[in-house]
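S.K.: Going by the UniProt record's numbering, the letters in the sequence shown line up with residues 1 to 283, in that order.
In this text, a Cβ means the ideal position worked out from N, Cα and C, and glycines have one as well.
Submitted below is the structure of interest, expressed as structure tokens.
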Amino acid sequence: MDKILDGKKVAELKSQRLKDFVKNLIDQKKQPHFCVINIGDNAASKVYIRAKTRMAEKIGILQENIQLPKTVSEDEVVALIKKLNADPEINGVMVQLPAPDHINVKRLMDTIDPEKDVDCLTPTNIGRLWEGDHFVEPATAAGIISLLEEYDIDLTGKKAVIIGRSNIVGKPLAALLLEKNASVSILHSKTDNLSDYTRQADLLVAAVGQPELVKADMVKPGAIVIDVGINRIDNHLVGDVAFDEVKEVANLITPVPGGVGPLTVESLMEQVVKLAKRQDERR
Ligand code: NDP
């Protein structure tokens, strides 16, 4: 049996559905429009922004990239976000992370209007998510859930273990997996002996940023393994999971590239469309 959870294929399928939906909006002169603010010259950020731009163009969403110098002040970024919040032509606003050290990211997130919060990083929308209100969803976590749904994977009563507790992946994914009736554990850099937990996992998610941290002997035979990690080594990408050896133990596994990455980008576009549609209904 094919063990690969093909994120690229699922993202392709979903983006085609979304494109058809957006075409209707464009016909009604309601093309979704969002802004990505990038501060400084982080090389990985540029790659991610290009991937978003390509997906937005393919689907028919207007993506405006605003590049700010790495010396920009926090007050200037806050002023820009407020301007975008007030612009009725713009349905969504996001800040590409990481930001330079002198910028307080929390203050930027607190400034984004929750109605335009594409990344689900404002306190209001994080709270909504934990209450089960999918006003907007964090793209990577939602992408992983959509992959599991497309493959008809039922998590009821299953043990889910997430390595990584970031605000953008680990924590929101825990909320969504709880909703799927999994019993969820979150591990992090201070967890003593990861294997004690990972070997119990029916679903193991690695969102760490450490190349091939997860080895075969850390995985329960028959588990489902989702690799979120994107690590650049000698000009090629590797995940947080040692794919070749873990694939021999796991029942299903996502590759890197071609797993969670494309799903994240597609899911982000779904959020833009959702926000645009809601704003239009409220006008
Ligand atoms: P962060 O750096 O924000 O978080 C990493 C998490 O991993 C932290 O909670 C950290 O623990 C934990 N961690 C680090 N080292 C270890 C270790 N040795 N053992 C256990 N836990 C550890 O990363 P992100 O969540 O933003 O991203 C994680 C990875 O996913 C990165 O490779 C990133 O590039 C990738 N990514 C991929 C996306 C995609 O679409 N495929 C989207 C977003 C991210 P602590 O909290 O204690 O520091």
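Can you confirm whether the stretch 2-22 touches the stretch 254-264 when touching is taken to mean that 3 or more C-beta pairs between the two stretches lie within less than 8 Å?
M.R.: Contact holds: three or more Cβ-Cβ distances are below 8 Å.
S.K.: Check whether the Cβ of I230 sits closer than 6 Å to any heavy atom of the ligand NDP, and report yes or no.
M.R.: Position 230 of the sequence shown, counted from the first residue, corresponds to residue 230. At least one heavy atom of the ligand NDP is nearer than 6 Å to the Cβ of I230, so yes.
S.K.: Looking only at C-alpha atoms, which of V273, L155, P221 and I144 sits nearest to L5?
M.R.: In the sequence shown, counting from the first residue as 1, residue 5 sits at position 5. The residue with the shortest Cα to Cα distance from L5 is I144.
S.K.: Nearest to A216 by CA position, among V238, G229, V246 and I230, is which residue?
M.R.: Numbered from its first residue, the sequence shown carries residue 216 at position 216. Looking at the Cα atoms, V246 is the closest of the given residues.
S.K.: What span of residues does the alpha helix (DSSP H) with R278 cover, start to end?
M.R.: Within the sequence shown, the letter at position 278 stands for residue 278. Its alpha helix (DSSP H) spans residues V260 to R282.
S.K.: Give the single residue among K46, D2, D154 and I59 whose Cα lies nearest to the Cα of D273.
M.R.: In the sequence shown, residue 273 corresponds to position 273, counting from 1. Note that residue 273 corresponds to Val in the displayed sequence, not to Asp. Among K46, D2, D154 and I59, the Cα nearest to that of V273 belongs to I59.
S.K.: Name the two residues that bound the continuous beta strand (DSSP E) containing D110.
M.R.: Counting from one through the sequence shown, the residue named residue 110 turns up at place 110. Taken as a continuous stretch (DSSP letters only), D110 belongs to no beta strand (DSSP E), being part of the alpha helix (DSSP H) at V105 to T111.
S.K.: Mind reading off the beta-carbon distance from residue 285 to A160? Whole number of angstroms is fine, and I expect it under 8 Å.
M.R.: Any property of residue 285 remains undetermined from this structure, which presents the chain solely from 1 to 283.
S.K.: For I126, write down the residues that DSSP places opposite it in a beta bridge.
M.R.: By 1-based counting over the sequence shown, the position of residue 126 is 126. Paired residues: none, contrary to the question.
S.K.: Answer yes or no: the CB of I163 versus the heavy atoms of the ligand NDP, is any distance below 6 Å?
M.R.: Position 163 of the sequence shown holds residue 163. Flag set: Cβ of I163 near the ligand NDP.
S.K.: Which residue or residues does DSSP assign as beta-bridge partners of F34?
M.R.: Here the question's residue 34 lines up with position 34 in the sequence shown. Its beta-bridge partners are Q63 and G92.
S.K.: List the DSSP bridge partners of I162.
M.R.: Here the question's residue 162 lines up with position 162 in the sequence shown. In DSSP, I162 forms a bridge with I186 and V205.
S.K.: Mind checking which residues open and close the alpha helix (DSSP H) that includes V249?
M.R.: Indexing the sequence shown from 1 puts residue 249 at position 249. Taken as a continuous stretch (DSSP letters only), the alpha helix (DSSP H) holding V249 covers F243 to V249.
S.K.: Counting beta carbon pairs with one atom in the stretch 24-31 and one in the stretch 74-89, are three or more of them shorter than 8 Å?
M.R.: Too few Cβ pairs lie closer than 8 Å, so no.
S.K.: Per DSSP, N231 forms a beta bridge with which residues?
M.R.: The residue you call residue 231 lines up with position 231 of the sequence shown. DSSP output for N231 lists V238 as bridge partner(s).
S.K.: For Q279 and V136, what's the separation of their Cα atoms in angstroms?
M.R.: Taking the sequence shown and counting its residues from 1, the one referred to as residue 279 is at position 279. Taking the sequence shown and counting its residues from 1, the one referred to as residue 136 is at position 136. Those two C-alpha atoms are separated by around 13 Å.
S.K.: Nearest CA to the CA of D196: which residue from G209, I163 and Q210?
M.R.: What you label residue 196 is simply residue 196 of the sequence shown in a count that begins at 1. When only C-alpha atoms are compared, the closest one is I163.
S.K.: Residues in its own chain within less than 6 Å of S185 by CB, not counting five upstream and five downstream?
M.R.: For the purposes of this step, residue 185 is taken as the residue at position 185 of the sequence shown. Within the same chain, S185 has close Cβ partners V161 and Y197.
S.K.: So, at 8 Å on beta carbons, what are the nonlocal neighbours of K82 in its own chain, with the 5 sequence-adjacent residues on each side left out?
M.R.: For the purposes of this step, residue 82 is identified with residue 82 of the sequence shown, where counting begins at 1. Answer for K82: T111, listed in chain order.
S.K.: By how many angstroms is the C-alpha of L187 removed from the C-alpha of L268?
M.R.: Within the sequence shown, the letter at position 268 stands for residue 268. Within the sequence shown, the letter at position 187 stands for residue 187. Distance between the alpha carbons of L268 and L187 is about 25 Å.
S.K.: Starting from Q16, trace the alpha helix (DSSP H) in both directions and tell me its first and last residue.
M.R.: Against the sequence shown, residue 16 aligns to sequence position 16. Segment G7 to D27, the alpha helix (DSSP H) holding Q16.
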